[in-house]
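Chemist: Counting in this note's numbering, the sequence shown runs from 12 upward without gaps. The C-beta atom is built at its ideal place from N, Cα and C for all residues, glycine as well.
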Amino acid sequence: MKKKSSIGCLFWIALVLLVIVIFLFNRKNIENILQKTHFLDSITKNEKVKPPEVSIKKEAETRKKEPKKPVNEKKKKEEITITVTPRQKEQQKNSSTSIKPKKKNYKIRKARVFFALVNKSGQIQLKGEIKDIKYIDSPLQKTIETLLHGPDTAEINHGLISLIPKNTKLLNIYVKNDTAYLDFTENFRFNSVGVEGLKTQLKQIVYTATEYSNIKKVQILINGKHVEYLGPEGVYVGKPLTRESFQNNPG
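(1) Whole angstroms is fine: what's the gap from Glu239's alpha carbon to Arg200's?
(2) Answer with buried or exposed for Ser224, where buried requires no fewer than 16 other C-beta atoms within 10 angstroms of its C-beta.
(3) Beta-carbon within less than 7 Å of Ile135's beta-carbon, same chain only, minus the 5 sequence neighbours each way: which residues are those?
(4) In whole angstroms, what is the alpha-carbon distance linking Val246 and Lys114?
(5) Do Ala122 and Ile144 count as a contact pair if the criterion is CB distance below 8 Å?
(6) For Ser149 versus Ile175, is the C-beta distance shorter than 8 Å?
(7) Around the C-beta of Phe195, are 16 or more other C-beta atoms found within 10 angstroms, so that it is buried, or is it exposed?
(8) Which same chain residues, not among the five before or five after Ile216, have their C-beta less than 8 Å away from its C-beta?
(9) Please report the distance separating the alpha-carbon of Leu26 from that of Cys20.
(10) From what residue to what residue does the alpha helix (DSSP H) around Lys153 run?
(11) Applying the 10 Å Cβ sphere with the 16-neighbour rule, what's the burial state of Phe125?
(12) Less than 8 Å between the CB atoms is what I'm expecting for Ile226 and Ala191, so what's the real figure, rounded?
(13) Out of Thr221, Arg120, Asn116, which one is the CA nearest neighbour of Thr253?
(14) Less than 8 Å between the C-beta atoms of Leu171 and Lys138, yes or no?
(15) Might you give, ordered along the chain, the residues of its own chain that have their beta carbon closer than 7 Å to the beta carbon of Ile33, omitting 5 neighbours on each side?
(16) Could you work out which residue in Gln258, Asn188, Phe257, Lys236 is closest to Gly249 when comparing CA atoms only?
(17) Whole-angstrom Cβ separation of Thr219 and Asn198, contact assumed at under 8 Å?
(18) Alpha carbon to alpha carbon, how far is Gly205 from Glu244?
(19) In terms of residues, what are the limits of the beta strand (DSSP E) holding Glu140?
(20) Can you list, in chain order, the residues of its chain with a C-beta nearer than 8 Å to that of Ile233? Leave out the 5 residues immediately preceding and following it.
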């Protein structure tokens, strides 16, 4: 029995070896046959490819666990820090200083301004008042403009008035030799008081202007032009006026 079983085992071993040898020699032919018959493709198609399982339950659970943000929650503002270098600070300082307007250098001097005063007898006479004149270039111009502005409250309380027509403006002023040329608006030509008013307004101008040592005469202009007379009464202003042009002297 032992001999028969050993012979049987040897037979099967030899058979297996024979099959292997045959397979090795005919390997290429077998592969070609399998490719032509598409045997391998049919096997791979029949194999089911399992898609990756998505854990939907887990995602749902994680979503439930996440706390819901309130709808009205305001977003925090992002804080932005800006570093300014010393050079930038210097540039900002220079730009801020350049915007500032330059201060005007005013000068102040005292000048006598003449207003009118009606005495107890009803006569009109002049009275000079010392005022501080604040100016930049022309003290004479500011002095005449101060005269046109009229007396202040304290001067009015002392009975001082101005007979220069209201709203009269000084358009231009220049000095040539010892003569001051004063250009007034049309208002200066007429005075509601009449001849006495015209003479008094001229005296106020002439006496105030000639307070300056370099001014001896005053030439009146109206709107940049020479005129011969003021008002319908015909007060002559065709040539420069001096203090001697008036008979009455200031009080």
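Modeler: To lay it out plainly:
(1) So the alpha carbons of these two residues sit roughly 11 Å apart.
(2) It is exposed - the Cβ of Ser224 has fewer than 16 other Cβ atoms within 10 Å.
(3) Taken in chain order, the residues that qualify are Ala127, Val129, Glu207, Thr211.
(4) It is roughly 44 Å from the alpha-carbon of Val246 to the alpha-carbon of Lys114.
(5) Judged by their CB atoms, Ile144 and Ala122 are nearer to each other than the 8 Å cut-off.
(6) Ile175 sits away from Ser149, with the two beta carbons spaced by 8 Å or more.
(7) Buried: at least 16 other Cβ atoms inside 10 Å.
(8) Counting only Cβ-Cβ distances below 8 Å, and skipping sequence neighbours, we find Ile155, Leu158, Ile175, Leu193, Val229, Ile231.
(9) Leu26 and Cys20 have their C-alpha atoms spaced approximately 10 Å apart.
(10) In the DSSP assignment, Lys153 falls within the unbroken alpha helix (DSSP H) covering 150-160.
(11) Under this definition Phe125 is a buried residue.
(12) Beta-carbon to beta-carbon, Ile226 and Ala191 are separated by about 5 Å, close enough to satisfy the 8 Å threshold.
(13) The shortest C-alpha separation from Thr253 is found at Thr221.
(14) Their beta carbons are under 8 Å apart, which means Leu171 touches Lys138 by this criterion.
(15) There are no such residues.
(16) Comparing Cα-Cα distances from Gly249 to each of Gln258, Asn188, Phe257, Lys236, the minimum goes to Lys236.
(17) Contact annotation, Thr219 with Asn198: C-beta distance approximately 18 Å; criterion of less than 8 Å not satisfied.
(18) Roughly 7 Å separates the two Cα atoms.
(19) Where Glu140 is concerned, the enclosing beta strand (DSSP E) stretches over 135-146.
(20) Within the same chain, and ignoring the five residues on either side of Ile233 in sequence, the residues whose Cβ sits closer than 8 Å to its Cβ are Asp194, Phe195, Thr196, Glu197, Phe199, Arg200.
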